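I have placed the structure first, in the form of structure tokens, so that the comments after it can refer back to it.
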């Protein structure tokens, strides 16, 4: 619900209240973000501003919903722009429109002739507020910074949670007190990045299941930034959106631009409540509508089995084994196209390699379908190798600076999708590929970040960062519209492109190139704070693992990978008969619990980092599945205890011929006997 008391606006969710005022100067001043209050209470909220001295005026210490450059505000501006004659702003409130769950507020700068519309949409069931900003130019203006949201928090000591990471170690949860000064999490790499992620949480003393948490997301897959500024009075300003680093966006008179979307959430149920709200919101609102209710299939991907040594006969042998153990989707990874015998050639030449597939892809696709599986392909549309027909024909189609050599990474360049002709070429190629073949799944990869961010063909090369991401979105949107039966996975050398922008366009994401089941537990645990299990692609691969040489029991590898969307990525031709039988049994088990894992409510029950055991629970309100991975045994101890959450304490439940109350399972927990190092368990608990 959204309503207005004179110059005060109140946005309510089920448990959330968000309040701001229009002050005497026509500025929007934040007053409250917290639990929902009585309607009469909102009028009693005190003015959050304070006056200290001539150096800290009320205008300078207010927490603004929109802070423009040039005023008595010294935090990160929500907007910074310039015309040929003016570089400062003086925006004032013009009007507000309330339409159901959406509030729009118009602000005007009469000097720059620039109109700003702030959009607030509340998703009450999830306690989420969607934020974005639309700018309309009255004359030519160049944007230097255009943020999606600005959030002011009044005097309180806060802890910040966010992700750090690297290739093969994404989603490492970092937590620490937000100290006076400024902290920025960001990407300047042209994609979301492995190193950070556009998600954050702020709390004072929350636990897993109790306490207030304010959290947020940004839906953008290019350069982004979220700034946290704590001033001398304890106020905290959070500003998030397009990274102002090397950014520009020119608007001609009459043109409009809408920023990427930001999201603010609130809970009083701790980090677990935060995650469950986010998971439900993503599943019900963010994910592509046509596949929200569809369970993701168990896939087999041939990459780790063959690498670039792809052939029709070799893939068919893998199809036989994948079908026999119960896989539902067969994916041919890198190496099927052009002169792609290593990562040094072929990218950009998206035609079938006729040496590897003499009769094209059709015989293999028919073979896959005859075995009862769907067919999928790996692609990397944004890249080109110097050793490719495409680059030899169009060396000007990459990001580059005249007169300077261009830098390869992984032997490849980034295609300049900021150019309309390059975008059209890529769109046409993959439209043709999907039109010609019965492909039901595309793994869209991106295996390097940007360098030489320049484009002689553009009026202002600073626009290329945004243009590239917008082009990727348009290509995906076009392909999805023309080929509605195709599912997409976002991959960027693992988890380098995961955010709520791309997640509106893909069914799942490749969480990490690290497929070691033990490492994956920590990566997946971090991922679960922000993103739901259905999006998370998890593979069972060979032992020893390719990355670290570690050998883990097959049971451990399966239970780890069953905590998301299950995939198989090992060389099944080298698995023993017993391993294939065990794999088939685990896949059958996964299919039986898949609705709970992918569509249920999840609980983080235990962490290897603090408890010596990893445990996740998933429930639909009736049935409950617990997936447990144990560490090595120490000092002869072989007993594990895992306390559950999310059960009805007054109901009686049964599992493994035992009959206990929900209260017992919550307070005493499951007692498990660890038979070996890296043991693992899958238990299904049902109401009696």
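Numbering (this note's numbering), first residue to last: 49 to 736. Glycine included, C-beta positions come from ideal geometry on N, C-alpha and C. Bear in mind that the values here come from a model prediction, so they are computed numbers and not experimental data.
Top-ranked residue by Cα proximity to residue i, from the options
i, options, result
"residue 684", "653, 668, 725", "725"
"residue 377", "614, 331, 656, 661", "614"
"residue 62", "707, 54, 403, 83", "83"
"residue 227", "284, 550, 441, 513", "284"
"residue 732", "702, 710, 262", "702"
"residue 559", "637, 524, 540, 290", "540"
"residue 163", "362, 181, 529", "181"
"residue 220", "106, 577, 594, 624", "577"
"residue 90", "115, 705, 111, 56", "56"
"residue 667", "656, 661, 657, 652", "652"
"residue 230", "242, 253, 238, 282", "282"
"residue 496", "240, 279, 69", "240"
"residue 723", "730, 714, 735, 686", "686"
"residue 710", "477, 557, 670, 356", "670"
"residue 563", "658, 597, 531, 554", "597"
"residue 729", "707, 661, 705", "661"
"residue 132", "81, 159, 557", "159"
"residue 694", "700, 704, 706, 672", "672"
"residue 690", "706, 665, 76", "665"
"residue 456", "433, 638, 437", "433"
"residue 177", "326, 344, 557, 225", "326"
"residue 117", "103, 139, 531", "139"
"residue 388", "374, 375, 405", "405"
"residue 75", "479, 120, 53", "120"
"residue 354", "68, 594, 720", "594"
"residue 656", "688, 102, 315", "688"
"residue 681", "659, 700, 692", "659"
CB contact flag (residue i, residue j, <7 Å)
i, j, result
"residue 365", "residue 621", "yes"
"residue 408", "residue 400", "yes"
"residue 471", "residue 465", "yes"
"residue 157", "residue 143", "no"
"residue 257", "residue 313", "no"
"residue 189", "residue 244", "no"
"residue 533", "residue 458", "no"
"residue 552", "residue 334", "yes"
"residue 754", "residue 714", "Only positions 49 to 736 of the chain appear in this structure, which leaves residue 754 out of reach."
"residue 106", "residue 115", "no"
"residue 512", "residue 503", "yes"
"residue 78", "residue 111", "yes"
"residue 277", "residue 198", "no"
"residue 505", "residue 467", "yes"
"residue 215", "residue 242", "yes"
"residue 70", "residue 141", "yes"
"residue 635", "residue 379", "no"
"residue 288", "residue 274", "yes"
"residue 600", "residue 630", "no"
"residue 127", "residue 305", "no"
"residue 589", "residue 543", "no"
"residue 360", "residue 421", "no"
"residue 436", "residue 396", "yes"
"residue 225", "residue 301", "no"
Those residues which DSSP pairs with residue i across a bridge
i, result
"residue 69", "56, 77"
"residue 490", "425, 536"
"residue 128", "193"
"residue 468", "Residue 468 pairs with nothing; no bridge assigned."
"residue 83", "64"
"residue 285", "200, 277"
"residue 825", "No answer is possible for residue 825: the residues shown for the chain start at 49 and end at 736."
### Task
Taking 8 Å as the threshold, find out whether the stretch 205 to 219 comes into contact with the stretch 368 to 384 through three or more Cβ pairs.
Using a Cβ-Cβ distance cut-off of 8 Å, the stretch 205 to 219 and the stretch 368 to 384 are not in contact, since fewer than three pairs of beta carbons, one from each stretch, lie closer than that value.
### Message
Report the start-end ranges of each beta strand (DSSP E) in the stretch 188 to 243 that is 3 residues or longer and not cut off at the edges.
### Response
189 to 201, 207 to 212, 220 to 225, 229 to 235
### Query
What alpha helix (DSSP H) runs, 4 residues minimum, are completely inside the stretch 288 to 363?
318 to 329, 351 to 354
### Task
Within the stretch 591 to 665, note down every full alpha helix (DSSP H) run reaching 4 residues or more, in order along the chain.
602 to 609, 625 to 647, 656 to 659
### the stretch 257 to 268 contacting the stretch 547 to 555, beta-carbon criterion three pairs below 8 Å
yes
### Query
Is there contact between the stretch 581 to 594 and the stretch 641 to 657, where contact requires at least three CB pairs shorter than 8 Å?
Under the Cβ criterion (8 Å, minimum of three pairs), the stretch 581 to 594 counts as touching the stretch 641 to 657.
### Cβ contact check for the stretch 190 to 206 and the stretch 294 to 307: 3 or more pairs under 8 Å
As far as the Cβ criterion goes, the stretch 190 to 206 touches the stretch 294 to 307, which means the pair count is three or higher.
### Query
Below 8 Å, can you find three or more Cβ-Cβ pairs linking the stretch 381 to 389 to the stretch 341 to 358?
Taking a contact to require three or more Cβ pairs closer than 8 Å, the stretch 381 to 389 and the stretch 341 to 358 qualify as touching.
### Query
Unbroken alpha helix (DSSP H) runs of length 4 or more, entirely within the stretch 512 to 594: which are they?
512 to 530, 565 to 578
### Query
If you pair each beta-carbon of the stretch 602 to 619 with each one of the stretch 670 to 678, do three or more pairs fall below 8 Å?
yes
#### Entry: Cβ contact check for the stretch 484 to 500 and the stretch 421 to 431: 3 or more pairs under 8 Å
Contact between the stretch 484 to 500 and the stretch 421 to 431 is present, because at least three Cβ pairs lie under 8 Å.
### Query
Can you list the beta strand (DSSP E) stretches of 3 or more residues lying completely in the stretch 672 to 700, in chain order?
672 to 678, 687 to 690
### Query
Which ranges would you report for the beta strand (DSSP E) in the stretch 142 to 191 if only whole runs of at least 3 residues count?
150 to 157, 162 to 171, 176 to 185
#### Entry: In chain order, each alpha helix (DSSP H) run of at least 4 residues that lies wholly inside the stretch 373 to 457
410 to 418, 437 to 441
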